[in-house]
Every structure is written in C-alpha cells, then in structure tokens.
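Data block below; observations after.
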Amino acid sequence: MGRILAIAIWVITVASLWMFLSHRWWFPEAISEHGPSVDRQFVITIIVCGIAFAAAQIGLGWAVWKYRDSADKQRATYSHGNNRLEVVWTVVTAVVFISLAVMGQRVWASLHLHSAPAGSYQIEVTAQQFAWNVRYPGKDNIFGKTDVQYIDDSTNPVGLTDTDANGKDDVVGPTLVVPENRPVEIVLKSKDVTHSFWVPQLRFKQDLVPGMAIHVHFTATKVGKYELACAELCGMNHFKMKSYMLVLPQSDFDALVQLGPADFQTKKNQLLDSYQLPQY
Amino acid sequence: MAATATSTNQVVDAVIGGGGSRGRNGNGFRKNGGGHGDDGLHYSPARYRLGIWVAIASIVMLFTALTSAYIVRMASSNDWTPLRMPKVLWLSTAVILISSVTIEISKRSLQRAKDSQYGMWLTLTAMLGVVFVSSQYAAWRNLARQGVYVATNPHSSFFYLFTAVHGLHVLGGLLALAYLLLRTRKRRETVEGELRRVGAAEAATVYWHFLDGLWICLFLLLFFWK
Amino acid sequence: MAEAATHGEVHRHPAPTSFIRKYIFSIDHKIIGIQYILLALTSVIIGMIMSVLMRINLSWPGSHIKILETLFPQGAPGGVMTAEFYLSLVTMHGTMMVFFVLTTAPQGGFGNYFLPIQIGADDMAFPVLNMLSFWVTFVGFLVLCLAIFAEGNATVGGWFSALGPAWAGGSGTVGPIGGWTGYPPLSALGKVAGPGQGVGLNLWIISIAIFCVGSLLGALNFITTLLNMRTRGMSLMRMPLTCWAWFTTAILALLSFPVLLGGGILLLLDRLAGTSFFIPGGLYVSGAAVPQHTGGSPLLWQHLFWFFGHPEVYIAILPGMGATSHILSTFARKPIFGYRAMVFAIFAIGMLGFFVWGHHMFMSGMSPYSAVAFSILTLSIGVPSAIKTFNWLGTLWGAKIRFTTPMLFAIGFVSLFVAGGITGLVLGQTSLDFFFHDTYFVTAHFHLVMGVASIFGMFAATYFWFPKMFGRMMHEGLGKFHFWITFIGVYAIFIPFHAMGMLGMPRRYSNFGEYEFLKNSHGLVLFVTVAAIITVLVQIVFYFNFIWSIFKGKKVANDNPWEATTLEWTIPSPPPHDNFAGIMPTVYHGPYEFSVPGAPNDYIMQTEPEGAAVSAGLEETSGNGGNGHKH
Chain A
8 MGRILAIAIW VITVASLWMF LSHRWWFPEA ISEHGPSVDR QFVITIIVCG IAFAAAQIGL
68 GWAVWKYRDS ADKQRATYSH GNNRLEVVWT VVTAVVFISL AVMGQRVWAS LHLHSAPAGS
128 YQIEVTAQQF AWNVRYPGKD NIFGKTDVQY IDDSTNPVGL TDTDANGKDD VVGPTLVVPE
188 NRPVEIVLKS KDVTHSFWVP QLRFKQDLVP GMAIHVHFTA TKVGKYELAC AELCGMNHFK
248 MKSYMLVLPQ SDFDALVQLG PADFQTKKNQ LLDSYQLPQY
Chain B
-5 MAATATSTNQ VVDAVIGGGG SRGRNGNGFR KNGGGHGDDG LHYSPARYRL GIWVAIASIV
55 MLFTALTSAY IVRMASSNDW TPLRMPKVLW LSTAVILISS VTIEISKRSL QRAKDSQYGM
115 WLTLTAMLGV VFVSSQYAAW RNLARQGVYV ATNPHSSFFY LFTAVHGLHV LGGLLALAYL
175 LLRTRKRRET VEGELRRVGA AEAATVYWHF LDGLWICLFL LLFFWK
Chain C
2 MAEAATHGEV HRHPAPTSFI RKYIFSIDHK IIGIQYILLA LTSVIIGMIM SVLMRINLSW
62 PGSHIKILET LFPQGAPGGV MTAEFYLSLV TMHGTMMVFF VLTTAPQGGF GNYFLPIQIG
122 ADDMAFPVLN MLSFWVTFVG FLVLCLAIFA EGNATVGGWF SALGPAWAGG SGTVGPIGGW
182 TGYPPLSALG KVAGPGQGVG LNLWIISIAI FCVGSLLGAL NFITTLLNMR TRGMSLMRMP
242 LTCWAWFTTA ILALLSFPVL LGGGILLLLD RLAGTSFFIP GGLYVSGAAV PQHTGGSPLL
302 WQHLFWFFGH PEVYIAILPG MGATSHILST FARKPIFGYR AMVFAIFAIG MLGFFVWGHH
362 MFMSGMSPYS AVAFSILTLS IGVPSAIKTF NWLGTLWGAK IRFTTPMLFA IGFVSLFVAG
422 GITGLVLGQT SLDFFFHDTY FVTAHFHLVM GVASIFGMFA ATYFWFPKMF GRMMHEGLGK
482 FHFWITFIGV YAIFIPFHAM GMLGMPRRYS NFGEYEFLKN SHGLVLFVTV AAIITVLVQI
542 VFYFNFIWSI FKGKKVANDN PWEATTLEWT IPSPPPHDNF AGIMPTVYHG PYEFSVPGAP
602 NDYIMQTEPE GAAVSAGLEE TSGNGGNGHK H
C-alpha cells in the first residue's frame, strides 16, 4: 500500500506541476505598463510554491514508501523531535515568505500608493446592474455634475443634470476607450450594488462600491480591443455584465475625445468594429 | 469559605497554564495536572466562574463589533444627527450602579453564610434590575414621542440597537437572579450542593457587574464620545 | 470534608432511560456529538447535490432535469436551471458547507464526543448548554432549508409574502443570491435588487444568526471543559493534539462568531427596519431611486464579515489538523515530531488568523496602506502552517507505518493541505490579486485547503474513532476504495481550477459562453464536472459503509483496536454513559508514547502507571520533546 500511495502522490505532483509548466493555460497577454511586473512576480512566486509543493509531496511519498510497515522491521525510531531542525525550518520559511510578501507589494505600491501621474486622462466608470457606463469629460475636459434625480436608465444613465454647462459635452457609453502609452485615471462608481472592474489583459481589478468614488490609474501599452467583465457577484445577470475596452493609438484617441457626443458615439462604434479581439 | 478560596486558585492555575517537561509529576497543576481529580469532587465552582468569564469574552466581542461599526459609521458619513439624550437615562445609570453594590453585598452575605441577608439583597437587586429595564423602556418612549425611531438617523439606530442588545442581556441576568431567588436561598445538604449554590451566586454576580460596566461604556460611547 | 461528602461517585446526571432523553434531547456529550455528525452528514448531501447541479449547469447549459422541474417549477422552468437559480445554488452550497458541515462535524461532532474523554472528564462542563447548542444549531439548519423552499416554491413563498413586501418569496431560486459572503447593498436592498433577495435572504441571515448562538454556546462549553475538567495528571502539555486543536478552535469561534452575529443583526435591520448601516445614499436600483437610505458603508459589512470569515477558515481546518497529527502518530507508531512546536503552531495560526481578514478585501476599495499590512501578516501565517507540515513529515520519518484507512486519509490530509495551502502565497500578495482576486484560482485554493483537506481530516477521524463510537469496525476494503477514488478525485477536480484561474475565469458565473477569453476553458470545465460526479458518487460507498458498519460491522476485539495510547482507548466501546464508570483515570505520560525503547509493547497508554514504565527503562515521557532530540 505504501508504494502505491507514494506513486500516486508523485503522479499527482507531476501532473499538477505540468499544468503550470506546460503553459497551456496561462495568462492572456499583458497590455499594461505594470502587467509584465505582475507576471514576473507571479512566476517568482509560483516557482517558490512549486519547489515547496514538490519537496513536500516528494518527501511525503518517500516517507510512506520507505517507512511502510514490514514484518522484519524493528520498532519505529523513538524521537520527540529536534529543536534545531524546528528553528531552521521556521527561520527559513519565515525569511522566504516575508521576502515574497514584501516583493509582492511593488506593483501594488506603484498603482495604489501613488496618485495618478500628471497628464493622466480622466475617465469615469459607473457600474449598474449588468451594464457599464463610461463617461468622458468631452472637449472642456471637465465632468458635469450628476444627480440621482436625473437618472434615466435609457437616456441618462449617470444622471447628468441639465443645469450644469460642463456636462453638455460629456459623452456616456458602455465602451471604455483609453489611449496607448498615456496614463489614465479612472474614477469608479456604482449606482446600485458592488461590482468589480476586470480586464484580464490589464492585470487590473477594482471593486466599484456604491457610495464611494474610487480613483485608480494605469497605462495601457498595446492597441486593441479587450473584454471588460464584472468580477464581483452583482445579481442574476452577473455573468453577462460585459463590455469592451478599446486601446487606441494616441492620435486616434485625441481625435476621438475632441468630438461632440453624437460624433463620438459613431466614431467609437466604427473603431470598435474595426478592431478584433485577441486570439486566445 | 475555604472552598471558594481554592476555587479561585483553581481558576488561576487553569488559566495561567504551565506544566510540561518538568518531570512526570508536579507540572504546576495543583501537583498533578489540573482538573478536579484529586479532591474527588465532581463539582467545582470554578466551572461556573470560568464559564461566565468565557461568556463575557464573547459578549465583549459582540459589543466590540457593534462599537467599531458605530465609530466607522460615525466617521464615514455626514448624515449623523446626535440625539437629545432622554434624561431618564441618568436614572437607569444610577440604578444599575446601585444594583452592582447590592448584588455584591448579597454575594458577600452568602459567603459569610448569612442566608436571610443574602435573600434580601438579592431581591433588592432584582427589583433594581426591573427598574433599570423599565427606565430604558421609558427612554425609548421618550424618543418615540420626539418622533425619533430606529431608522430616523444613524445615531438613533445605534441607540436603539445598543439598548436593545444590552437590555436582552439584562433580561438574561434577571432570569439568572430569578433562578438564584427560587433555588439557592436554602442551604444545601451536601458540600457539593453548597459549592454549587455559592458558585452560581458568584457567577451571577460577576455577570451582573459586567452588565453594569457594559452599560456605563455604552452610555459614555453614545452620548459623550465625539 | 470533601472526601467524606462525595465518595459516592455519582455521575452528575444519571443515565436517562426514556428514548427521548436518551437519544433526542440527550445531555450526554457522546450522543450530542453523534447528533452533530449526523447533521453534518445530512447537510453535506444537500451541499454535494448542489455542487453537482452547478457543475451540470456549467458543462451542459440548458440540460433538462426532470426532478428540478417538479420541485422548482419557477427556478428551473422545464427543468432547465436559470442564472438566478445557479447563483442561489452557489450561495446555499457555500453556506451549507461552511456552516453546517465544516463547522459542525469537526468541532461539534468529534470534538464533543472525544474532547471530554481524551481529557478524562465524565461529560462537558455544562451538559444542558451542550444539548441546547446542538438544538439551536439544528433550528438554524431548518431555517436554512426553509429558505430553499420559501424562494423556490410558490406555495411556501406565498405564506411568507403575506408577511409584507420585505418577506416576498417564491422568486424561483433556492435561497438568496449573494454568495456565502452576502455583500451588501445587494443583500441589503430587498427584492428590488433581484430574485432571491426577499424572504430567502432574511431566512439566510436568521439561520446564520441562530447558528452563531449555537456555536457560541458550544465554544463556551469546550473552553470551560478543557480548562476545568482535565483529570489528574492531564497537564496541558500532556493533552493529545486533538484537544489543543479543539481548544484553539473554540477560542476562535468564541471571539469571531459574535462579530458575525453583530453584522447579521445590522444587516437584518437594514433590510427590515429601514436603517442605513450598510446602504449608502443616492442609490438607483432597478429603475428607481432609493431615497430612504443614506450614508451607510458597504465596506463595513465586509470588515465585520471577514473578521469572522477568516478565523472561520481555521475553525474548519484546525480540528482536521489535530485529528491528522493524532492519527499520523498512532499509525506511524512514533511520537509526534515536535509536540511543542505543533502546539505553538496551532496557537499561532489561530491568533494570527484574527489579523489577516483584510486579504479578502484588497480589491474592495479599503485603504491600500492597510492592504500592505494585511498582505505581510497573511504570508506570515504560512510559517506556522509550514511548521506543521514539516513536523508531520518528521513524524513519518523513521516510522513503521500501518496503512489503515484512517492513516490513508490522514496522509491525504497532509498532501491536500500542502497543495491547497501553498497557493496562499500567491493569493496573499496584493499585486497578484489584481489578477487572481475572485477568479477560480481562489476557488481552487480554499476548496483544497479549507474544504477538502478538512473533510479528509474528518474522514480520517470517522474511520479512526468509529470502533470506539459504535463498537464495530468500518469495512477496511470499502474504506480504502473510498480513499483512493476520493483522493484522486478531489485532485482531479480542484487542480484544474488553478488553470481556469490562470485564464482569468471569474467565480460565480452561471455561464462562461459570453466571453472570448474563457473559450479555452471548455475542456477543463467538462473534465472537472466528470471528476466531480464520480467523486460524489463514490461518497455513496462511504455512507453505505458507515450505516452498514453500525449494524453489521466486525465487532471490535478489544477496547483498543488500533493500539493507541490516549484515554478513549482505555474504556469500553461504545463508552458507558459517564465514560469512565465513575473511576477517574490518572495520567502519567504524554499522549504519543510509541515505540519506547525497552517497553514491552510498542505503545504506552497514558494511564499506565509510572512504575511499569520506569522499570521498562523509560526515563522521561511527559516532556513531549522538551528535551529535543532523543535518538
């Protein structure tokens, strides 16, 4: 029994490691400035995990193989432990784990402990049950005031007031359009329940919490069309709360945001159709 | 009573812990290893005391959770309208403070084997408890007359919540006092029974003091903490 | 005077004679323990059926299931599950499993049965309270089951709808939609937020609040019993590691359940009394503004919930760790390696568990600075976890392993604990959560470590203690068959979850067909479904073995069939009403004295008098490794 168990444990170990090593199921391509750092940190972590996992499972298999009961054997070793060993493995794991923890804060710090770089383009994203409302400030670069009284899901989803002139050129639509290689600052809000902004290629996720305006920033680095999903359970149609993120070359983007609301929508829809989703 | 003195030591021993490798015997637990094995008693009054302290720990956590909610909610919003404190709460506070004194006297009477005094002070405590609950209820009525209800504003929500949850615990305390009044006024036949009687009274006293202290904290939090 | 008064050795409560007092409203900790185990065995069937339904829906969307059509004509019209039906399955699967399986069986079940016996007590400190804690928990279970039908069945839903709009039922789900975490405002707004948010959510909160009370009563009893009722010679450092695990678990439950209870009360008030603890102002839900609420904080609930939720993970797994240590040592015929380190590690895990709740909330919008602190504390919890793993391997090193079914499951526990726990290093890092938060990577992590590993601990405990509980052995052949398929099966289910996580697959999606980036997952999803169905079916063998063995299993040859050392093996199987028949045992040794050189047997019972042990050449056995290495 001991040998079969050892072999089973080893086979499971190899299969589990293969799943990661084969790269058959791997991240989609990273398209943000911080994305490659996230991937790198993951690779470092998963190597540490893989070594620890393999060592523990191989050791476990080895123990059940070698120390299985056999008739000729003397008694088991009488030992209550070894304090020196305890100290060694406590210190070693503590050093490795804490180092990983510290390294694991780098990207986080760059995105969350620093405010958006100067020159970031501001966009506002308001989530609601099963839809995304992305608002661009328009030509004046100033967002108009909003008020819940003005909300109408079909004509005025974010509730732009009709008194504020700054809001006249604001554009609201489901698609998030961002420039390539220019930082964007996004203000995340929610009208009803908690949602989560999730674009796998961006390596970025952030909850949108009603009652809060959460400021985040990132820089997209590759032109293209990507899927935007909700990652926090928000009700029955959570699974199809879908939209797109479009990363445009700087010049295209600048041209787009100079357009008035109606032209903006037409142009954006043309662009949306002209780009393909990445091959998966 | 000697028995109560040892019971305290038992708790202390049990709580502090120790033991281990210093020889096969004498591990720090009353020369053997804890438990109640060596006096042959099945009943140990330490059990009630320990139990009540453990219960208090969990009640403290409940109120800690609600208090942190209170503080977070107070800091995170601009819809906080402080209540006008119903004056009757001063009565509540005075009454529960006095009841702490009376229950302490009652317990000490029991420990000095003065049974009639024990019963008298216990009855007085229970009556004060009833007055406290009524006075809290009067405070609710007072607020309701002002048109302040649970959902009126966050401060009123917390006020009703805190007084209700505390009040439920006081009602539990009153049940315990009722039990003591009905079942522990007569001296018991056996040593074990007597220990149980004293143990129950001691545990109820600890709990009652706790309710008193808890109310003072809540009172300060609700109306004097800015 | 004490001597004279009490030497009658009367049990604190006499053995009951009527059926109801003996088996139903029993105050005997052993009966209560079995009741808890039966409750868990029932809940786990419901939880597993729900998981199979979820898998069917994910792999073969649109499949017709006749029985669903009959039971839930609205939730599954024509027997096809709707998205909201799926999400309510997610919620109820989680709630059922976390609360009524992983919290009841390990602690309320085996803890109740064996903690008093292992410390040499005749019962729990407060037997009546113990009975209450079970029946309160049971009421919580009934309320949760009621939630299934109050939302799923139009008739039952109608009864509740009569109570008012906040209690509207019959919306065609099998409970609320909210996940087991029930984040507001979704969970606080009421039926306006969608199906399942009426009576289903009310009953869900009430069920959990009742469960909290039951668990608190239990925890109170465990702590007092352990501190107050250890028998002569049973010092803390001579307790079996199971007792340490149950003790630590009880402390965690005692301090964390009140917080959930408090949160539950606030949530219920938001729903029913119109308060605004968690609901902010200015909401616009389902086409209408929500003017009656202002200023609440959704994050407040998350803090309260996870302050409970993280210790809850350890409440589920610590008893499994205890049972594993106990069983590994017994069948390795070797003292546990580093007893003291094990005790400190279990305590360290428990206490650190109170300071890491924020790692569930990196993406929630809480302060990014506190996220850094939570992240570092989270990875430090890996240290005591690693210490435990090393010590388990150390226990097996140089052993003489007997591969009984409980031992196989205990070894399986170690393997699964490593596999599941190690990915905590990934998920605990703030930067990596940008990608992995709320993906299947998380689902993989916690199912392996908190779900499956804990359950393996409980399987090991069941096979190990069954002969003591029922006086008969479970069938070894069936047990081994059960082990092999389950062991391979759970890996086959949960390792591919990591791969789905790598693709970015979000949790709690009732369908993956909407997204191009998930299209490579079809094969994985199907593979997992097949593995899950096989693994679930094999559990029938376990249930059969369990029930068959109670009546027809091989009778135990003696009181100590496994040649173990602790107190439960000194008494008859099943134990008499007051465990030790009025004669309190005296303990002379540590709990894991196996293969002591020179001793006549390869194990020394804890009750074996000193003289015998000393003459056998044993110098010092209560130290549990205090003196370190002794080869």
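Chains as they are written, first to last, in my numbering: chain A, 8 to 287; chain B, -5 to 220; chain C, 2 to 632.
We treat Cβ as the ideally placed atom computed from N, Cα and C, and that holds for glycine.
| message | Does Val175 of chain C come out as helix, strand or coil in the three-state DSSP assignment? | response | DSSP places Val175 of chain C in coil when its eight states are reduced to three.
| The beta strand (DSSP E) with Pro148 of chain B in it runs from where to where? | Counting along the chain, Pro148 of chain B falls outside any beta strand (DSSP E), though it belongs to the alpha helix (DSSP H) covering Pro148 to Arg177.
| Does the beta-carbon of Ile350 of chain C have 16 or more other beta-carbons within 10 angstroms, so that it is buried, or is it exposed? | buried
| said: For Asn625 of chain C, which residues in the same chain have their Cβ closer than 7 Å to its Cβ, ignoring the five residues on either side in sequence? | reply: Only weak support exists for where Asn625 of chain C lies, its pLDDT of 47 falling under 50; the coordinates are left without a value.
| Closest by C-alpha distance to Phe100 of chain C, when choosing among C:Trp168, C:Ile489, C:Ile50 and C:Phe212 | Per the Cα distances, C:Phe212.
| task | Would you list, in sequence order, the uninterrupted beta strand (DSSP E) runs of no fewer than 3 residues that lie entirely inside the stretch 183 to 214 of chain A? | result | 183 to 186, 191 to 197 and 202 to 206
| Closer than 7 Å, Cβ to any Cβ of chain A: which residues of the stretch 333 to 346 of chain C, in chain order? | Residues passing the 7 Å Cβ filter: Ala333, Arg334, Lys335, Pro336, Phe338, Gly339, Tyr340 and Ala342.
| field | 8 Å CB neighbourhood of Gln213 of chain A in its chain, flanking five on each side removed | value | Leu195, Ser203, Phe204, Ile221 and Val223
| task | List the residues of chain B whose Cβ lies closer than 7 Å to the Cβ of Thr276 of chain C, in chain order. | result | By Cβ distance, chain B contributes Val144, Ala145 and Ser151.
| field | Reduced DSSP secondary structure (H/G/I, E/B, other) of Ile1 of chain C | value | As shown, chain C starts at 2 and ends at 632. That puts residue 1 of chain C outside it, with no answer to give.
| DSSP three-state assignment for Val165 of chain A, whether helix, strand or coil | Of the three classes helix, strand and coil, the one that applies to Val165 of chain A here is coil, per DSSP.
| What residues from the stretch 93 to 110 of chain B come within 8 Å of chain C, judged by C-beta to C-beta, listed N to C? | none
| query | Along the stretch 116 to 133 of chain C, what residues have a CB closer than 9 Å to any CB found in chain B? | reply | Ile120, Gly121, Ala122, Asp123, Ala126, Phe127 and Leu130
| task | Spell out whether any CB of chain C is found under 8 Å from the CB atom of Ser281 of chain A. | result | no
| Every unbroken beta strand (DSSP E) inside the stretch 248 to 274 of chain A [3 residues or more] | Counting only runs of 3 or more residues that sit fully inside the stretch 248 to 274 of chain A, the beta strand (DSSP E) segments are 250 to 255, in chain order.
| query | Which residues in the same chain have their Cβ closer than 6 Å to the Cβ of Gly34 of chain C, if we skip the five residues on either side of it in sequence? | reply | Gly110, Asn113 and Tyr114
| CB contact check: Ser128 of chain B to chain C, cutoff 8 Å | no
| request: Please go through the stretch 80 to 136 of chain A and give each complete alpha helix (DSSP H) segment of 4 or more residues, from N-terminal end onward. | output: 90 to 110 and 113 to 119
| Does the distance from the CB of Ala461 of chain C to the CB of Ile328 of chain C come in under 8 Å? | yes
| Validate contact between the stretch 467 to 487 of chain C and the stretch 403 to 419 of chain C using beta carbons, cut 8 Å, 3 pairs | yes
| said: Using a Cβ-Cβ cutoff of less than 6 Å, which residues in the same chain neighbour Gly20 of chain B once the five nearest sequence positions on both sides are dropped? | reply: Note that Gly20 of chain B scores a pLDDT of 28, beneath 50, so its modelled location is shaky and nothing firm can be said.
| query | To which residues of the same chain is Met55 of chain C closer than 6 Å at the C-beta, ignoring the five residues directly before and after it? | reply | Cβ contact annotation for Met55 of chain C (same chain, cutoff 6 Å, sequence separation greater than five): Leu90, in chain order.
| said: For Met243 of chain A and Ile178 of chain C, which I take to be in contact (beta-carbon distance under 8 Å), what is that distance rounded to the nearest angstrom? | reply: 6 Å
| field | Unbroken beta strand (DSSP E) run spanning Leu235 of chain A, endpoints | value | Gly231 to Cys237
| query | Would Gly45 of chain B count as contacting chain C if we go by Cβ distances under 8 Å? | reply | yes
| Looking at C-alpha atoms only, which residue of C:Phe418, C:Ala582, C:Ile149 and C:Asn392 is the closest neighbour of Phe86 of chain C? | C:Ile149
| message | Within 8 Å, do at least three Cβ pairs link the stretch 45 to 65 of chain C to the stretch 230 to 247 of chain C? | response | no
| query | Ends of the beta strand (DSSP E) at Ala70 of chain A? | reply | That residue, Ala70 of chain A, is in no beta strand (DSSP E); its alpha helix (DSSP H) goes Gly42 to Lys73.
| Near His94 of chain C, what residues of its chain come up, given a Cβ to Cβ distance below 6 Å and the 5 sequence neighbours on each side ignored? | So the list reads Gly48, Met51 and Ser52, once near-sequence residues are dropped.
| task | Check each residue of the stretch 209 to 240 of chain A: if its Cβ is closer than 7 Å to any Cβ of chain C, include it; give the result in chain order. | result | Arg210, Phe211, Lys212, Gln213, Asp214, Val216, Pro217, Gly218, Met219, Ile221, Glu234, Ala236, Ala238, Glu239 and Leu240
| Which residues in the same chain have their Cβ closer than 6 Å to the Cβ of Met68 of chain B, if we skip the five residues on either side of it in sequence? | Excluding sequence positions up to five before and after Met68 of chain B, its CB lies within less than 6 Å of the CB of Trp74, all in the same chain and listed in chain order.
| First through last residue of the beta strand (DSSP E) which encompasses Gly180 of chain A | Val178 to Gly180
| message | With a threshold of 8 Å between beta-carbons, can Val89 of chain B be considered close to chain C, or not? | response | At a cut-off of 8 Å between C-beta atoms, Val89 of chain B does not count as an interface residue with respect to chain C.
| said: Less than 8 Å between CB atoms is the rule here; does Gly395 of chain C satisfy it with respect to chain A? | reply: yes
| Hey, does Arg10 of chain A have any beta-carbon neighbour from chain C nearer than 8 Å? | no
| Proximal chain C residues relative to Ser86 of chain B, where beta-carbon distance stays under 9 Å | Per Cβ cutoff of 9 Å: no residues; Ser86 of chain B is ~22 Å from chain C at best.
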